[in-house]
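Chains as they are written, first to last, in the working numbering: chain A, 458 to 671; chain B, 458 to 671; chain C, 458 to 671; chain D, 458 to 671.
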């Protein structure tokens with residue numbers, strides 16, 4: 458299982474969380490990574506934790522003030538990027554352009570989407586993975602596997618119909634190790650986490666609890 | 458073949474073009490329709506021409522000032538709507554929401570997109586049709602079948618891979634009857650036209666020329 | 458006082474509300490108008506009620522699929538347009554462009570904004586009027602004059618500092634005639650209304666109650 | 458004069474340009490600064506050059522994946538931020554929100570806009586400075602003072618009318634020291650530069666030439 462901890466713009470210490478991600482990663486078969494804000498990518502990557510960007514723009518080098526360039530993110534140490542997160546929704550043409558920009562810079566790609574139909578659409582753009590984020594579960598603490606297990610199974614089926622090489626992540630409603638196991642049982646290849654780790658008093662302990670049942 | 462004449466915000470008489478669409482439709486096996494601006498839908502539909510909206514928003518009845526409601530468009534006489542036209546690009550989640558809104562109001566749907574990858578994505582959302590609009594051809598007068606026939610064939614293949622029930626239209630680079638025939642030969646089920654008819658001195662003659670080779 | 462009834466995309470009969478606006482307008486010194494959806498402008502204007510658009514785009518005649526052209530709206534019978542309503546927020550450059558487009562088509566303009574600072578900014582663009590819509594009051598039923606009278610007075614002062622010719626409307630928290638009177642006492646030259654009239658069982662009675670204290 | 462070098466996403470070495478900015482700043486009465494991409498702010502600030510962000514979002518700490526938080530930018534070493542650059546246009550409400558977010562983090566603010574009317578609007582939001590960027594001059598190499606000196610004088614007048622404490626920068630059409638002097642003569646308190654320095658073979662020499670006539 459792939460476990461990606463999204464730090465959003467939470468009031469946390471990104472380096473401390475990254476060190477926890479790095480340390481716990483060495484104790485488990487799961488693959489752990491952290492997605493800090495753009496300004497923190499370089500410092501986070503220097504910890505040795507696998508580092509992802511939260512967003513990249515569908516641009517090339519040039520006149521793009523205030524945009525995130527895939528090459529900048531990669532040079533700073535990121536190995537992948539989230540695309541179209543529910544808090545940063547993009548136009549279809551820009552998701553496509555961002556997948557191309559990320560591939561150009563050798564970044565892995567996870568395209569987020571709301572429901573199985575959109576997951577099929579996202580998979581058709583050829584990313585490495587897609588993440589299903591049912592809007593009704595985002596930030597609720599209700600595990601998707603408990604609230605609506607069909608949405609994960611349907612997303613897995615929708616992606617497989619379009620491109621069986623695209624992995625499906627569960628992008629909302631994950632806070633415990635049991636949730637991670639349940640997501641895997643439904644066919645997910647990984648999970649996106651956020652506040653459960655990023656806002657924990659002890660991020661390392663929170664991660665250890667998460668991977669314990671894996 | 459389906460021939461949809463998009464009036465955009467051209468300085469034309471929408472009723473005169475609609476009457477030409479209606480009259481020429483009766484003379485051909487092709488299916489002709491016209492897409493006027495929202496303010497003109499009712500008057501255009503009253504001509505008896507098949508009428509489409511240029512855009513609908515992913516909303517329901519409610520607090521949505523300045524948005525286009527599918528039910529309003531349908532009540533005014535439209536039978537379908539363009540979605541995500543290159544001049545009105547939408548977020549992926551909003552294309553999905555707009556397809557649902559249009560279906561709720563019994564409107565047919567054509568989702569536009571730039572290239573075969575995006576056409577696959579659009580087809581995954583379950584519209585009635587998709588339209589491929591290569592950005593490099595929009596407004597150039599160069600027929601897509603001549604400039605880049607692969608893009609139409611690849612779009613047809615991409616849509617068929619995802620959902621064989623989704624028709625593919627050629628949405629740029631069509632100005633003559635030969636272009637329409639060529640698009641059909643490449644697998645397209647129809648074409649989107651604009652200035653060639655809307656800005657013609659004699660829209661009826663322009664349409665007659667277009668459908669003559671069909 | 459100017460009283461503009463915004464029909465949004467409410468499930469109401471736009472012609473029935475327009476007839477109520479027209480009839481009550483003849484009984485009062487207040488100026489009454491109605492803002493229907495784009496598809497309804499022509500039918501609403503034909504009632505004889507003063508008709509406004511809910512939105513216009515910063516465009517000219519041309520390749521603008523799915524956009525609202527000022528000339529189309531004016532030709533359909535509208536005499537003015539809302540701009541930057543809280544449900545249709547625009548970029549600063551597009552508010553400016555829309556004010557110019559509306560002026561080109563002889564439409565009156567009301568630019569909406571959230572707070573006194575933004576009201577000053579909106580007034581600097583030279584519209585006929587601005588409307589202050591404190592986000593915390595929109596749709597609450599709490600009259601702005603009771604919840605936060607300072608915001609209206611501050612908005613009136615901010616607009617007057619920048620351009621004393623720009624009228625200030627109160628764009629949220631108005632549902633009774635007393636609210637309208639209170640808004641006028643705070644310096645507002647009018648009010649924006651919505652559900653209180655549009656969703657009333659008897660729109661004419663609702664309007665009569667509203668203008669009774671004026 | 459304030460001279461801000463915007464690195465956009467140009468293929469330049471941000472640290473090398475920053476060192477040039479730092480070194481030339483010590484030789485002149487002009488104030489020099491550099492605006493790198495978000496991922497480079499920390500490394501650029503470590504050179505000792507005055508560092509600005511290219512963009513900040515109107516957000517606080519929280520669930521804002523893929524957004525630029527003012528506090529992150531300030532902690533990384535930036536002392537100010539561009540807002541609403543022509544390549545990153547914002548909604549009016551978001552310009553206002555971004556000015557507030559920047560002020561919360563003690564960042565200086567420059568709000569960009571197209572023309573004198575928008576400059577007046579930007580000034581009404583209370584930033585430290587505004588920058589006028591006539592769209593027809595962006596990236597042309599034609600100095601604004603030569604092509605259209607009125608736009609700078611009118612922008613200075615428009616800002617002064619609204620708030621005399623807001624400085625006006627010239628944000629397009631500057632490439633030589635004479636252009637900087639001419640902008641100052643028209644009332645500008647500074648200039649935004651980009652490719653002339655960022656893409657120069659020798660950024661330090663380019664900057665020395667620019668400040669020589671000051």
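Where a beta carbon is used, it is the ideal one built from N, C-alpha and C, also for glycine.
Remember, predicted model here, so these are calculated numbers, not experimental data.
### Message
Check whether chain D comes within 8 Å of residue 446/C, counting only Cβ atoms and requiring the distance to be less than that.
### Response
This structure leaves residue 446/C out entirely; chain C is present only between 458 and 671.
### Message
Taking 6 Å as the limit between beta carbons, can you name the residues of its chain near residue 579/D, skipping five residues before and five after?
### Response
Scanning its chain for C-beta atoms nearer than 6 Å, with the 5 sequence neighbours on each side dropped, one finds around residue 579/D the residues 568, 570, 587, in chain order.
### Test: residue 545/C CB closer than 8 Å to a CB of chain D
Not one chain D Cβ lies under 8 Å of residue 545/C.
#### Entry: chain B residues whose Cβ lies nearer than 8 Å to that of residue 619/A
Ordered by position in chain B, the residues that pass the 8 Å Cβ test against residue 619/A are 577, 581, 618, 619.
### Query
Excluding the five sequence neighbours on either side, which residues of its own chain have a C-beta within less than 8 Å of the C-beta of residue 590/D, listed in chain order?
Excluding positions up to five away in sequence, the list reads 542, 543, 569, 570, 571, 628, 629, 649.
### Members of the region 494-524 of chain B near chain A, C-beta cut-off 9 Å
Cβ contacts with chain A: none found.
### Task
Note down, in chain order, each residue of its chain lying with its Cβ closer than 6 Å to the Cβ of residue 553/C, except the 5 sequence neighbours on either side.
Same-chain partners within the cutoff: 582.
### Query
Ends of the beta strand (DSSP E) at residue 579/C?
In the DSSP annotation of this structure, residue 579/C is not part of any beta strand (DSSP E); the continuous alpha helix (DSSP H) holding it starts and ends at 573-581.
### Message
Rounding to the nearest angstrom, what Cα-Cα distance links residue 618/A and residue 656/C in this structure?
### Response
Cα to Cα, the separation comes out at about 45 Å.
### Message
Less than 8 Å between CB atoms is the rule here; does residue 548/D satisfy it with respect to chain C?
### Response
Contact of residue 548/D with chain C is assigned, a C-beta pair being separated by under 8 Å.
### Task
Determine, using beta carbons only, whether residue 491/B and residue 501/B come nearer to each other than 8 Å.
If you check the CB distance, residue 491/B and residue 501/B come in under 8 Å.
### Task
Take residue 643/C as the anchor and find which of 622/C, 658/C, 612/C, 669/C has the nearest alpha-carbon.
Ranking 622/C, 658/C, 612/C, 669/C by CA distance to the CA of residue 643/C puts 612/C first.
#### Entry: Burial state of residue 503/C, where buried means 16 or more other Cβ atoms lie within 10 Å
Taking all protein chains in view, the Cβ of residue 503/C is surrounded by fewer than 16 other Cβ atoms within 10 Å, so the residue is classified as exposed.
### Message
Tell me the DSSP secondary structure of residue 589/D in three-state form.
### Response
Residue 589/D: strand per DSSP, three-state reduction.
### Message
Counting only beta-carbon separations shorter than 8 Å, does residue 533/A have a partner in chain D?
### Response
Taking Cβ atoms only, chain D reaches closer than 8 Å to residue 533/A, which makes this a yes.
#### Entry: Residue span of the beta strand (DSSP E) that contains residue 549/D, given as start and end
Counting along the chain, residue 549/D sits inside no beta strand (DSSP E); it lies in the alpha helix (DSSP H) bounded by residues 549-561.
### Query
Where does residue 652/B sit, in a helix, a strand or coil, going by DSSP?
The three-state reading of DSSP puts residue 652/B in helix, counting H, G and I together.
### Task
Could you confirm whether any beta carbon from chain C is found closer than 8 Å to the beta carbon of residue 599/B?
So no, residue 599/B is outside the interface.
### alpha helix (DSSP H) runs contained entirely in the region 467-509 of chain B, provided each spans 4 or more residues
List check, alpha helix (DSSP H) in window: 471-482, 498-502.
### Query
Can you tell me the Cα-Cα spacing of residue 468/A and residue 667/A, whole angstroms?
Cα to Cα, the separation comes out at about 21 Å.
### Message
By the 7 Å beta-carbon criterion, what residues does the region 461-494 of chain C contribute toward chain B?
### Response
Correct list: 463, 465, 466, 467, 468, 494.
### Query
Just the Cα atoms here: how many angstroms apart are residue 510/D and residue 594/C?
Rounded to whole angstroms, residue 510/D to residue 594/C spans 34 Å at the Cα level.
### Message
Give me, in chain order, the residues of the same chain whose beta-carbon lies closer than 7 Å to that of residue 565/A; leave out the 5 immediate sequence neighbours on both sides.
### Response
Here the set comprises 536, 537, 585.
### Task
Within the same chain, show all residues whose beta-carbon is closer than 8 Å to that of residue 670/B, passing over the 5 residues directly before and after it, in chain order.
Setting aside the 5 residues that flank it on each side, residue 670/B is surrounded in the same chain by 634, 635, 637, 638, each with a C-beta closer than 8 Å to its C-beta; the list follows chain order.
### Query
How about residue 552/A: is its C-beta nearer than 8 Å to some C-beta of chain B?
At least one chain B Cβ lies under 8 Å of residue 552/A.
### Message
Just to confirm before moving on: does the CB-CB distance between residue 471/B and residue 497/B stay below 8 Å?
### Response
Yes.
### Query
Along the chain, where does the alpha helix (DSSP H) that runs through residue 537/C open and close?
Per DSSP, residue 537/C belongs to no alpha helix (DSSP H); it is in the beta strand (DSSP E), 537-540.
### Separation of residue 466/D from residue 577/B, as counted between CA atoms
For residue 577/B and residue 466/D, the distance between alpha carbons rounds to 31 Å.
#### Entry: Three-state class that DSSP yields for residue 544/C in the structure shown
Assignment of residue 544/C by DSSP, reduced to helix, strand and coil, places it in the coil class.
### Query
With a cut-off of 8 Å, does the C-beta of residue 574/A fall near any C-beta of chain B?
Interface residue, yes.
### Task
With residue 531/C as the anchor, note down where its alpha helix (DSSP H) starts and where it stops.
Note, residue 531/C: alpha helix (DSSP H), 527-532.
### Query
Which one or two residues does DSSP pair with residue 565/B in a beta bridge?
Bridge partners of residue 565/B: 537/B.
### Task
Along the beta strand (DSSP E) that carries residue 626/D, what are the first and last residues, could you check?
First-last of the beta strand (DSSP E) with residue 626/D: 624-627.
### Message
Counting C-beta neighbours from all protein chains within 10 Å, is the total for residue 514/D 16 or more, i.e. buried, or is it exposed?
### Response
Buried, because 16 or more other Cβ atoms sit within 10 Å of the Cβ of residue 514/D.
### Query
Which residue comes first and which comes last in the alpha helix (DSSP H) that contains residue 619/C?
From DSSP, the alpha helix (DSSP H) with residue 619/C extends over 606-619.
### Query
Using a Cβ-Cβ cut-off of 8 Å (strictly less than) and excluding sequence neighbours within five positions of residue 540/B, which residues of its own chain qualify?
Contacts found: 512, 513, 547, 552, 555, 556, 559, 566, 567, 568, 569, 584.
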